[in-house]
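Number of protein chains: 6
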Amino acid sequence: MGLTHFNEDGEAWMVDVTEKQVTVREAEAKGMITMNEEAFQAVQKGTNQKGDVLATARIAGIMGAKQTSSLIPLCHPIPMTRCTIEFELLPKRRSIVATCKARTEGKTGIEMETLTGVNVALLTIYDMCKALDKKMVIGHISLIHKTGGKSGEIINDWKEDE
Amino acid sequence: MGLTHFNEDGEAWMVDVTEKQVTVREAEAKGMITMNEEAFQAVQKGTNQKGDVLATARIAGIMGAKQTSSLIPLCHPIPMTRCTIEFELLPKRRSIVATCKARTEGKTGIEMETLTGVNVALLTIYDMCKALDKKMVIGHISLIHKTGGKSGEIINDWKEDE
Amino acid sequence: MGLTHFNEDGEAWMVDVTEKQVTVREAEAKGMITMNEEAFQAVQKGTNQKGDVLATARIAGIMGAKQTSSLIPLCHPIPMTRCTIEFELLPKRRSIVATCKARTEGKTGIEMETLTGVNVALLTIYDMCKALDKKMVIGHISLIHKTGGKSGEIINDWKEDE
Amino acid sequence: MGLTHFNEDGEAWMVDVTEKQVTVREAEAKGMITMNEEAFQAVQKGTNQKGDVLATARIAGIMGAKQTSSLIPLCHPIPMTRCTIEFELLPKRRSIVATCKARTEGKTGIEMETLTGVNVALLTIYDMCKALDKKMVIGHISLIHKTGGKSGEIINDWKEDE
Amino acid sequence: MGLTHFNEDGEAWMVDVTEKQVTVREAEAKGMITMNEEAFQAVQKGTNQKGDVLATARIAGIMGAKQTSSLIPLCHPIPMTRCTIEFELLPKRRSIVATCKARTEGKTGIEMETLTGVNVALLTIYDMCKALDKKMVIGHISLIHKTGGKSGEIINDWKEDE
Amino acid sequence: MGLTHFNEDGEAWMVDVTEKQVTVREAEAKGMITMNEEAFQAVQKGTNQKGDVLATARIAGIMGAKQTSSLIPLCHPIPMTRCTIEFELLPKRRSIVATCKARTEGKTGIEMETLTGVNVALLTIYDMCKALDKKMVIGHISLIHKTGGKSGEIINDWKEDE
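Protein chains in written order, with the working numbering: chain Y, 5 to 166; chain V, 5 to 166; chain A, 5 to 166; chain F, 5 to 166; chain W, 5 to 166; chain H, 5 to 166.
So, in structure tokens, the structure goes:
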């Protein structure tokens, strides 16, 4: 069938990675939240000063990444050895781009952790801005880069205009 | 400043909802994941049969919605009294739309729960399909509807083409 | 179909309890673990003295009961207002019976919390005794009593011999 | 005293496994839930179709296994590298047997994870069927097989008739 | 015996609060961390600018307060309706004082939540400063104020010199 | 700036430990809670008999230590291989001293786990005694000893009189 999370009988399982090599694996994911002008400026004003939405979202995203195997049913618990979340403000689009990078030395990749980190960071920005904008959109969440493991290195363009 | 999650000194806090009325509050959020043809067909084949990606994602999304106040720093713990996650397959777009609806009877709204439910459901679909597609995109996550509370009823179009 | 955790289309959901009355609801569950003579005596010796397996299992069971809605997918989060775990030693059977009682004032029953409490307590006893006995059996876990809600009061005999 | 989870003074501790070898360790546990005819048929009808109780229970069991060290006080956190949950329907007994297998490469065994996985899976079946049967019994939970570690390989018959 | 968390037989239990009135309850706790000059200045420089240790500690403290009933065995889950964490820098003592205030409308008090919030905030400051100071001391953690419930209003001096 | 949990731009991150050696690392932390005579005697009476506050606090502390990386934002998840919590009663001071020792074989130290273990143990004693004393103070929490890693072995006096 092709989907690795199911055995022959179509039953979901946590894939067996016991015999895989312990190697360094990295991943990077990006995502974006778009808001109205009022909310965007409130975030912009607060950056690195009082009322820092992004500092809060960064912490939430890193903590969320650590919870990945508790949230995603068939994800393996893995030992995260590095995690960063960076933000970029795009004033013309009234948008904030979140990038999560993570590393591990283990038997399986860390893509889901970076995607979860991006998601929780963007959800946190949403939560903190929703008093000013009820129509925010979270999107363009995708994997940008990964190394290690069977599929080796993968580099994707970030599709910010689809 | 306008952002309610900060006090006068710009310090983040969990907003005081103690004096708010206990009323019924509802919310609905939508989001979408887009994939390649191979992954989309694998999901489509499995629906309600063997290898059901969507059944797994539905459970993960409902469980994720229940974890919202543990993930989003300034969210209040609230007693969820109903939660559903539905999926719609869009073959032309090779996409799956997830809709999460939730209800509570409490002092504050349940929007973040529905957004978190959608996010975790889509992340789970991603996890289960990533062996077949390393370029999937999660997006168009937004609030569609909410009732109750000070801001009353809000109905948003779902922006699936932006 | 009869199973309330599925809608008409067979999709799992968290049942809507929003309109239910807030009333006092109680439940009680029992379960048992059977072990060899060496392990049973080790537990018996430790009761209320040094090396108290049951005190540890009691704490784990109460804490586990509080995690019920995080473990059981379609369970509603409910505000537990009372929880006890008691043990009874049955020397002839080399068994320990665990009883969990809980109460809440809410919209839905607390049966799953008592069953989870019993399970986690018995698993903890297992964990603490497994160095002495690799063939322990956990069983006879069932609901003994519940009050409140639509199904009203239910009293079951505890089937300890099936 | 024999119980390894206590030091000389009878104080509970998490056993020191720091100097143990990192090896592959496996375990398998089984358990069973017995119900009335109506509930059993509802589960049977739903298998791999609409309203799939077992698919839900499988996900909950795997996720529960991952939470073992958070639930059982003196359990070590271990990196699970494989986890499966299978079900077998026994129509004559109106029962469902759950089997959880898991693997890790680490310093300590994975028995508690398989027992927890079985327990949470059976509790989930209970939760989903309780509208049809208030007298279900969960039992016969025991370790069937383990490899690795000081106690080496252990094979137990599954005591389904005690 | 006097300790309310034990029944007549000395068995620990979660006290029965089912019949208590639902009222507004508040609490406030304080605590302090003392460090060397180098670490203190690093924190002071970062306040509300880049590298804001206190902003991170504030978020961790609020999130930790929400986890109180998952951490403290016999604590009841309660619906927190407000939570703040404030810091005060004491340059002469090279110390940072953390104050956590919380409110709920429920059947039991919120003292443990404020104490846990202070503790997790101070532990977070410790974690972020430990590269500069291995001898930090966390202390003077106590309840300053509570209202509501049977014991009514209690006001304690903060013992910062003991 | 000196604080390792921030990058050049002052953004918080989880430090990269991927290239660090896997070695055995140990830590030990101490802390103390001071109470009135009535509460102290209740604890003293219960030690290793009925109503054992310390046994409960020990379990909570070990379980809390395991949650460290879920509570402290930038802490790495690490595999704890040993954890003990011991108590010492100081009748003249009406105080209880908690000591947490832990070990791991990994890429980063285990100090935060021991400090969290001490904190949660003391908070649990507080919770169980608060019916008898509303003025308890938790303090003198500090690292006593650590080995392994770049900073090697550190031995601190326990400052119980500051």
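Built from N, CA and C at the ideal position, the CB exists for glycine as well.
Can you tell which of the options has the C-alpha that lies nearest to the C-alpha of residue i?
i	options	result
F:Val28	F:Asn160, F:Pro83, F:Asn123 and F:Leu126	F:Pro83
H:Ser146	H:Leu136, H:Glu109, H:Cys104 and H:Tyr130	H:Cys104
W:Asn11	A:Cys87, A:Ile148, A:Gly14 and A:Glu30	A:Cys87
F:Glu109	F:Cys79, F:Thr151, F:Val141 and F:Lys96	F:Thr151
Y:Val57	Y:Glu157, Y:Met132 and Y:Gly156	Y:Met132
A:Ser99	A:His149, A:Asn160, A:Val26 and A:Tyr130	A:Tyr130
Y:Phe91	H:Asp13, H:Ile63 and H:Thr8	H:Asp13
H:Asp161	H:Ala135, H:Lys34 and H:Ile63	H:Lys34
H:Val101	H:Ile159, H:Arg62 and H:Glu157	H:Arg62
V:Leu78	Y:Ser73, Y:Lys154 and Y:Val124	Y:Val124
A:Gln48	A:Lys96, A:Lys154, A:Ser74 and A:Lys163	A:Lys96
To the nearest angstrom, how far is the alpha carbon of residue i from that of residue j?
i	j	result
W:Gly65	Y:His144	32 Å
A:Met18	V:Lys70	11 Å
Y:Gly121	F:Thr60	26 Å
V:Asn52	V:Ile37	Only weak support is given to the placement of V:Asn52: the predicted model assigns it a pLDDT of 49, under 50, and the value that follows is read from those uncertain coordinates. Spanning the two alpha carbons is a distance of roughly 19 Å.
V:His149	V:Ala31	5 Å
Y:Thr8	Y:Val21	12 Å
H:Ala46	H:Leu127	17 Å
A:Gln25	V:Ile76	30 Å
A:Asp137	W:Glu15	26 Å
H:Thr112	H:Ala106	13 Å
H:Lys139	A:His80	37 Å
Y:Lys134	F:Leu94	52 Å
V:Glu157	F:Val141	46 Å
W:Gly50	Y:Met67	21 Å
H:Thr85	V:Glu23	47 Å
A:Ile159	A:Ser73	24 Å
Y:Gly153	V:Ser155	49 Å
F:Lys163	A:Lys163	17 Å
A:Ile89	Y:Ile89	44 Å
Against residue i, what residues of chain Y qualify as contacts under a CB-to-CB distance less than 8 Å, listed in chain order?
i	result
F:Ile66	Ala16, Trp17, Met18, Pro77 and Leu78
F:Glu90	Glu15
V:Glu115	Lys134
V:Ser155	Lys138
F:Arg107	Asp20 and Thr22
Could you please give the first and the last residue of the uninterrupted alpha helix (DSSP H) stretch that includes residue i?
i	result
H:Ala43	Glu41 to Gly50
A:Lys70	Val57 to Lys70
For the beta strand (DSSP E) holding residue i, just list the boundary residues, first then last.
i	result
Y:Ala31	Thr27 to Thr38
F:Leu126	Segment Glu115 to Cys133 is the alpha helix (DSSP H) holding F:Leu126; no beta strand (DSSP E) there.
F:Lys94	Position check: residue 94 of chain F holds Leu in this sequence, whereas Lys was assumed. Run containing F:Leu94: Met84 to Leu94, per the beta strand (DSSP E) assignment.
Y:Ile145	Val141 to Thr151
W:Lys24	Run containing W:Lys24: none; DSSP gives neither H nor E here.
W:Gly110	Ser99 to Gly110
So residue i contacts chain Y; which residues on that side make the cut at Cβ distance below 9 Å?
i	result
F:Ile63	Ala16, Pro77 and Leu78
Which residues in chain W sit within 9 Å of residue i, going by Cβ to Cβ distance?
i	result
Y:Ala59	Asp56, Ala59, Thr60 and Ile63
In chain A, which residues lie less than 9 Å from residue i when you measure between Cβ atoms?
i	result
F:Val124	Leu75, Ile76, Thr120 and Asn123
Which residues in chain W have a C-beta closer than 7 Å to the C-beta of residue i? List them in chain order.
i	result
V:Lys111	Thr85
Would you check whether the ligand NAD has a heavy atom nearer than 7 Å to the C-beta of residue i?
i	result
F:Glu117	As presented, the structure is devoid of all ligands, the ligand NAD included, so that no description of it is given.
For residue i, go through chain V and note every residue whose CB falls closer than 9 Å to its CB, in chain order.
i	result
W:Val21	Those within 9 Å of W:Val21 in chain V number zero; the least Cβ separation is about 16 Å.
Y:Asn160	Lys138 and Lys139
Can you list the residues of chain A that residue i reaches, using a CB-CB cut of under 8 Å?
i	result
V:Arg47	In the sequence as presented, Arg is not what sits at residue 47 of chain V; that position holds Val. Residues of chain A passing the Cβ test: none, with the nearest at roughly 15 Å.
Residue i touches chain F at which residues, Cβ-Cβ below 7 Å?
i	result
H:Val101	Chain F residues near H:Val101: none, gap ~14 Å exceeds 7 Å.
A:Thr3	There is simply no residue 3 of chain A to check, as chain A begins at 5 and stops at 166 in what is shown.
Is it true that the segment 34-42 of chain H meets the segment 115-135 of chain Y, where meeting means three or more beta-carbon pairs spaced less than 8 Å apart?
The segment 34-42 of chain H, when compared against the segment 115-135 of chain Y, does not touch it at the 8 Å Cβ threshold.
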